[in-house]
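Residue numbers (the numbering used here): 0 to 397. Structure, as structure tokens:
This is the structure we're talking about:
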């Protein structure tokens with residue numbers, strides 16, 4: 000099976016000419032760290048002074064990376080993708096909320112996405128961040144095994160209740176749901192929540208997924224331990240694999256606090272850990288005739304990793320559309336992977352962030368900054384878009 004990730008006609012089939020030109024302009028902007036930094040400062044200033052800039056944001060960076068402001072607004076984007084064989088994962092991307100009312104609101108929005116997924120084939124999975132439901136300081140103390148005071152214990156009990164409510168509903172409607180990974184110093188609490196939910200709701204089939212960030216050291220051993228415990232206790236395991244998104248923050252904190260960095264020494268080591276974890280999980284899944292109760296999501300913008308996983312699946316006897324394996328990329332990025340993989344019959348989904356414009360700005364700024372820092376990411380996107388614009392001009396002339 001040959002994957003032509005340079006087939007731009009397939010990669011950008013969901014884009015109109017206008018949409019492609021907008022993406023071209025945006026990625027040219029993202030290619031300049033100074034422009035991204037200046038744009039962030041100006042936008043924050045304009046929003047703070049309540050200047051009328053939401054229309055501009057909506058028409059540019061928001062439109063590129065977000066599906067809409069509400070669950071309902073995301074439906075046309077999800078349906079358009081589904082017609083081309085790509086699912087959507089609605090991700091309520093409001094970050095930095097710190098009060099109980101906001102945590103309850105995030106819970107309700109997550110339940111709305113699962114309700115939509117229960118009725119729409121175009122939305123096959125759900126997702127949430129535990130920091131959208133719980134206080135970070137409490138997660139940090141729980142992860143460190145420290146005693147909680149009465150107020151913290153109440154907050155922790157509420158957080159556990161919110162996570163269980165989401166996972167229970169996902170189980171009731173039969174929609175898999177993923178817990179996103181976060182910073183290492185709060186991750187143990189998140190892992191414990193995820194595996195406890197798996198033990199409760201993954202008995203018949205995989206509903207709850209945890210996320211493993213492979214830019215951290217020791218993730219393969221963590222995976223092996225999770226699979227062994229699940230096998231011993233008789234429940235299924237769902238894992239989403241990503242490389243990770245908090246590298247600089249992790250290294251700076253480790254240096255400031257004087258502990259060994261939990262991050263891989265370089266990108267090659269991260270790539271090796273990612274591919275090793277994915278390979279181990281696919282081999283543990285087994286062949287179709289005697290498959291284990293496992294499922295996985297391969298969240299990657301790396302062509303080589305996607306292709307390796309696809310070949311390993313088919314070598315294990317799986318038909319692309321029947322394997323309990325998804326490939327995922329972020330909306331607005333790496334369409335050449337998403338739509339080419341879907342073209343070959345694999346299960347593919349786009350992460351489709353949504354939320355009120357002013358409240359998703361932290362997410363959008365983080366996404367923009369990541370694009371400028373990931374080596375080759377923006378240049379690759381630009382090159383592919385330029386190739387497709389050139390191809391369309393050639394077709395139009397002929």
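Backbone N, C-alpha and C define an ideal beta-carbon position, used for all residues, glycine too.
Judging by CA-CA distance, which residue of the options is the nearest neighbour of residue i?
i, options, result
"residue 307", "110, 274, 14", "274"
"residue 225", "305, 280, 141", "280"
"residue 238", "70, 332, 327", "327"
"residue 388", "4, 11, 3", "11"
"residue 234", "68, 203, 189, 313", "203"
"residue 382", "1, 15, 25, 2", "25"
"residue 14", "353, 116, 302, 330", "330"
"residue 200", "290, 184, 172, 227", "172"
"residue 5", "340, 394, 103", "340"
"residue 136", "186, 269, 391", "186"
"residue 232", "366, 197, 162, 180", "197"
"residue 246", "42, 228, 365, 107", "365"
"residue 122", "386, 351, 140, 378", "351"
"residue 260", "182, 320, 304, 227", "182"
"residue 144", "104, 120, 27, 189", "189"
"residue 99", "272, 343, 129", "129"
"residue 139", "367, 191, 54, 16", "191"
"residue 219", "195, 230, 270", "270"
"residue 385", "125, 168, 22", "22"
"residue 368", "125, 39, 18, 17", "39"
"residue 48", "357, 376, 377", "357"
"residue 0", "360, 313, 376", "313"
"residue 377", "332, 360, 359", "332"
"residue 120", "160, 309, 180, 89", "89"
"residue 292", "230, 156, 103, 51", "230"
"residue 288", "317, 50, 104", "317"
"residue 360", "44, 16, 321", "44"
Suppose you measure from the CA of residue i to the CA of residue j; what does that come to, to the nearest Å?
i, j, result
"residue 216", "residue 264", "9 Å"
"residue 396", "residue 390", "10 Å"
"residue 146", "residue 184", "16 Å"
"residue 8", "residue 362", "30 Å"
"residue 96", "residue 108", "14 Å"
"residue 20", "residue 335", "16 Å"
"residue 28", "residue 94", "24 Å"
"residue 3", "residue 101", "44 Å"
"residue 282", "residue 276", "10 Å"
"residue 164", "residue 158", "10 Å"
"residue 379", "residue 338", "16 Å"
"residue 262", "residue 393", "46 Å"
"residue 46", "residue 294", "42 Å"
"residue 106", "residue 142", "22 Å"
"residue 257", "residue 132", "30 Å"
"residue 304", "residue 268", "13 Å"
"residue 285", "residue 315", "7 Å"
"residue 42", "residue 166", "37 Å"
"residue 228", "residue 236", "10 Å"
"residue 118", "residue 37", "42 Å"
"residue 65", "residue 148", "39 Å"
"residue 54", "residue 62", "10 Å"
"residue 69", "residue 266", "36 Å"
"residue 170", "residue 71", "22 Å"
"residue 248", "residue 195", "28 Å"
"residue 309", "residue 179", "23 Å"
"residue 290", "residue 278", "15 Å"
"residue 16", "residue 51", "28 Å"
"residue 161", "residue 103", "8 Å"
Below 8 Å on the Cβ atoms is my guess for residue i versus residue j; work out the distance and round it to an integer in Å.
i, j, result
"residue 87", "residue 354", "Residue 87 to residue 354, Cβ: 15 Å. No contact."
"residue 113", "residue 176", "7 Å"
"residue 342", "residue 319", "The pair is not a contact, with the Cβ atoms about 10 Å apart (cut-off 8 Å)."
"residue 168", "residue 110", "6 Å"
"residue 125", "residue 174", "6 Å"
Measuring only between beta-carbons, confirm whether residue i sits less than 8 Å from chain D.
i, result
"residue 265", "Given the protein chain composition of this structure (a single chain), no chain D is represented."
**Q.** Cβ contact check for the segment 210-227 and the segment 240-251: 3 or more pairs under 8 Å
**A.** Taking a cut-off of 8 Å on C-beta distances, the segment 210-227 touches the segment 240-251, as three or more cross pairs fall below it.
Q: Report yes or no: do the segment 191-208 and the segment 143-154 share at least 3 C-beta pairs separated by less than 8 Å?
A: No, the segment 191-208 is not in contact with the segment 143-154.
Q: Entirely within the segment 20-106 and at least 3 residues each: give me those beta strand (DSSP E) ranges in chain order.
A: Runs found: 85-91.
(Q) Assess contact between the segment 244-259 and the segment 292-312, defined as three or more Cβ pairs (one per stretch) separated by less than 8 Å. Is contact present? (A) Flag = no, the segment 244-259 and the segment 292-312 do not touch.
Q: Could you tell me whether the segment 70-89 touches the segment 333-352, where touching means 3 or more Cβ pairs closer than 8 Å?
A: Contact between the segment 70-89 and the segment 333-352 is present, because at least three Cβ pairs lie under 8 Å.
Q: Decide if the segment 56-69 is in contact with the segment 313-325; the criterion is three or more beta carbon pairs, one per stretch, under 8 Å apart.
A: Contact between the segment 56-69 and the segment 313-325 is absent, with fewer than three C-beta pairs closer than 8 Å.
Q.
Under 8 Å: do the segment 31-42 and the segment 66-76 share three or more Cβ pairs, one atom per stretch?
A. Contact between the segment 31-42 and the segment 66-76 is absent, with fewer than three C-beta pairs closer than 8 Å.
Q | Within the segment 337-395, ranges of the alpha helix (DSSP H) (whole runs, at least 4 residues) | A | Runs found: 356-372.
Q: Identify every run of the alpha helix (DSSP H) within the segment 225-304, keeping only runs that are complete inside it and at least 4 residues long; order them along the chain.
A: Correct list: 246-256, 266-284.
Q) Which whole runs of the beta strand (DSSP E) in the segment 135-221 are 3 residues long or more, in chain order? A) Counting only runs of 3 or more, we get 176-178, 207-212.
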